[in-house]
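Asks: Here it is, the structure, as structure tokens.
Protein chains in written order, with our numbering: chain S, 99 to 350; chain D, 126 to 524.
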């Protein structure tokens, strides 16, 4: 497959939740190519998680189309915003359980669990119940579980919320390593510096509509002819007319 | 890997995970095992007197407002047989009832004899302490009426002449409902099985079913948590279909139901007799037993899945699940045996999943199961389980 051939494509995608009067997403286009990291930015309620669910195939779009690779050829994994594992199981029990859900041999399953423990630096916490681990360890476990799928495409929904700087740096490093190894990443976050550190492209969403998308460096040069933006936050404020805070509160 | 084998592996692993979570939640296990076991113990002793033919007469006090010789004679005759004591006034009788010195009181109003000189039951008041069993009260009333009738007969015989009097007076005083003199009552199940119904035989299946339906608490706990923290979404992203998720839970909690069953049989067979109760008969038809337990378990787990799938929080599920179980249990005759219900309620109780389970289970436990009783109930339970599973799958299929 050509490096620039999209591995995941969404065209004019729209979605409305049942019983709602407005669309959660309108005419959204997303293109993800091999080895590319796209930062998905937007305030709370902008439609980021809905878009991830649609791309993951967990919801069906109301309009438009999503072209996903065949799962026999590609694997897609999701890192949800929540700690999506069993708090009463130990870290290694969680990894073994999710590895057991995959259609792989038991030897391969054991290998992947070992690799996830090593790569996510969970050795020290492997036998500890997840609910007794720190937020940073839980975030690593959340990512480690997704990596059991050996994903070609990884969708991360705010994977570093509420953790210490060291754990955040570790997770960002892991994502960068994945991208360098050819994994395509869609990275939804509130943190501008994380997008700047990891992503070459961005997709800026607000009220379910794409405000800006494309190469981050080009967008910072202000393609509409104005002064170049000093940083990603200026770009964000320009397009959304508001700032984005870690807490998720929106300030007009 | 073969797709069917892979799905089977997923179900086994999900079931195994459910068990790990259960074993780490001792509070949930206490509810599922000890609550029904304690109910069996309590109800086996509470209902003990309800299910036997001979009821003890309550200790009786007397107040004679009519002090004619006939009344005194009649009361003395009564007391020789049943014991009891005399009080001078209603207030003293009331106080004795309140203090628990006596359980019942008889007040003979003045005049006891009617215009024709015959004693009248209408001139007798019976007072009861608050804890006198209805069956004991019924026996006191029946014996009292019978006793008054004897006095009436004697009185009539005396008027008829000496020959009649000799006949009546020579007959022995007998109790109407005494042990030697009662008609032999036999329930249909006793005729069919040759066994006596005992409280433990009634309580074990009833509270076993109730306990089995309480799996709603752990199922809701796990399923709602999985929904809230995105684990179901993650499982979907791992390619795990809703059918496997529900299937894993179904298997895990059906196994739990079988362990509950073993525990309850143990309590009924060995613990209740240790405490002085009757032992549970265990020589029943194994094939019908396995079928009715499997169908009951399927219905219980499916209803729990349905409640867990349609509620938003654990508190909501626990309140709804517990409330619904208590209601279904009350309707089905778990708490109050169906034989003690009025006919209308007995009809209503035939339309409850716990009622179907209880009918089938009691038929097995009392030793007279047959296809006519068992097949319709097993079919209804399986259909109920299938409908609940289908609705749960429909609700969770988009997660």
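Glycine included, each C-beta is placed from N, C-alpha and C at the ideal position.
1) Would you verify that the beta carbon of residue 181(S) is, or is not, closer than 8 Å to some beta carbon of chain D?
2) Give me whichever residues DSSP pairs with residue 174(S) in a beta bridge.
3) Have a look at 522(D), 486(D) and 248(D) and flag the residue whose alpha-carbon is nearest the alpha-carbon of residue 421(D).
4) For a contact meaning CB atoms closer than 7 Å, what does residue 106(D) contact in chain S?
5) What is the residue span of the beta strand (DSSP E) that residue 162(S) lies within?
6) If you run the structure through DSSP and keep just helix, strand and coil, what is residue 432(D)?
7) Under 6 Å Cβ to Cβ from residue 110(S), same chain only, skipping five residues before and after it: list those, please.
8) List the residues that DSSP assigns as beta-bridge partners of residue 287(S).
9) Kindly indicate which three-state DSSP category residue 349(D) falls into: helix, strand or coil?
10) Taking the beta carbon of residue 130(D) as the centre, do at least 16 other beta carbons fall within 10 Å, making it buried, or is it exposed?
11) On a CA-only basis, which of 191(S), 302(S), 336(S) and 254(S) is nearest residue 144(D)? Give me that one, please.
12) Using a Cβ distance threshold of 8 Å, determine whether the region 230-243 of chain D contacts the region 184-201 of chain D, with at least three qualifying pairs required.
13) In terms of residues, what are the limits of the alpha helix (DSSP H) holding residue 508(D)?
14) Could you run through the region 347-370 of chain D and flag, in chain order, every residue whose CB is less than 9 Å away from some CB of chain S?
15) Let me see if you follow: with CB-CB separation under 8 Å, is residue 149(D) close to chain S or not?
16) So is residue 521(D) in contact with chain S if we call contact Cβ pairs under 8 Å?
17) DSSP on residue 188(D), reduced to helix/strand/coil?
18) So with CB distances below 7 Å, who are the chain S contacts of residue 135(D)?
19) With residue 182(S) and residue 356(D) assumed to form a contact (beta carbons below 8 Å), what rounded beta-carbon distance in angstroms separates them?
20) In this structure, how does DSSP classify residue 402(D) when only helix, strand and coil are distinguished?
21) Indicate whether at least one CB of chain S lies closer than 8 Å to the CB of residue 157(D).
22) Could you tell me how far apart the beta carbons of residue 140(D) and residue 376(D) are, in whole angstroms, since I believe they sit closer than 8 Å?
23) On the CB-based measure, 16 or more other CB atoms within 10 Å of its CB, does residue 229(S) come out buried or exposed?
24) Please list the residues of the region 207-235 of chain S that have a C-beta atom closer than 7 Å to any C-beta atom in chain D, keeping them in chain order.
25) Would you say residue 437(D) faces chain C, with C-beta separation under 8 Å as the test?
26) Would you be able to state if there are at least three C-beta pairs under 8 Å between the region 258-278 of chain S and the region 194-213 of chain S?
27) Along the chain, where does the alpha helix (DSSP H) that runs through residue 330(D) open and close?
28) My parser needs the beta strand (DSSP E) runs of 3 or more residues fully inside the region 446-484 of chain D; what are they?
29) If we cut at 8 Å on Cβ distances, does residue 346(S) have a partner in chain D?
30) Touching or not, the region 201-208 of chain D and the region 359-377 of chain D, by the rule of three or more beta carbon pairs under 8 Å?
31) Are residue 513(D) and residue 430(D) touching if we call contact CB-CB under 8 Å?
32) What number of angstroms, rounded off, separates the C-alpha of residue 148(D) from the C-alpha of residue 385(D)?
33) Does the distance from the C-beta atom of residue 315(S) to that of residue 337(S) stay below 8 Å?
34) Span of the alpha helix (DSSP H) holding residue 144(D)?
35) Under 9 Å between beta-carbons, which chain D residues line up against residue 186(S)? List them in chain order, please.
36) What does residue 321(D) reach in chain S if we use C-beta pairs closer than 7 Å?
Replies: Short version:
1) yes
2) 251(S)
3) 486(D)
4) For residue 106(D) there is no data in the structure shown, the boundaries of chain D being 126 and 524.
5) 161-165
6) helix
7) 125 and 162
8) 139(S)
9) helix
10) exposed
11) 191(S)
12) yes
13) 496-521
14) 347, 350, 351, 353, 354, 355, 356, 357, 358, 359, 360, 361, 362, 363, 364, 365 and 369
15) yes
16) no
17) strand
18) 199
19) 5 Å
20) coil
21) no
22) 4 Å
23) exposed
24) none
25) The question asks about chain C, but that chain is absent: this structure's protein chains are S and D.
26) no
27) 324-338
28) none
29) Reliability fails at residue 346(S), whose pLDDT of 44 lies under 50, so the model's placement of it is uncertain and the value that follows must be treated cautiously. False, the Cβ-Cβ gap to chain D never drops below 8 Å.
30) no
31) yes
32) 14 Å
33) no
34) 128-148
35) 145, 146, 149 and 150
36) Neighbours of residue 321(D) on chain S: none; closest Cβ ~47 Å, over 7 Å.
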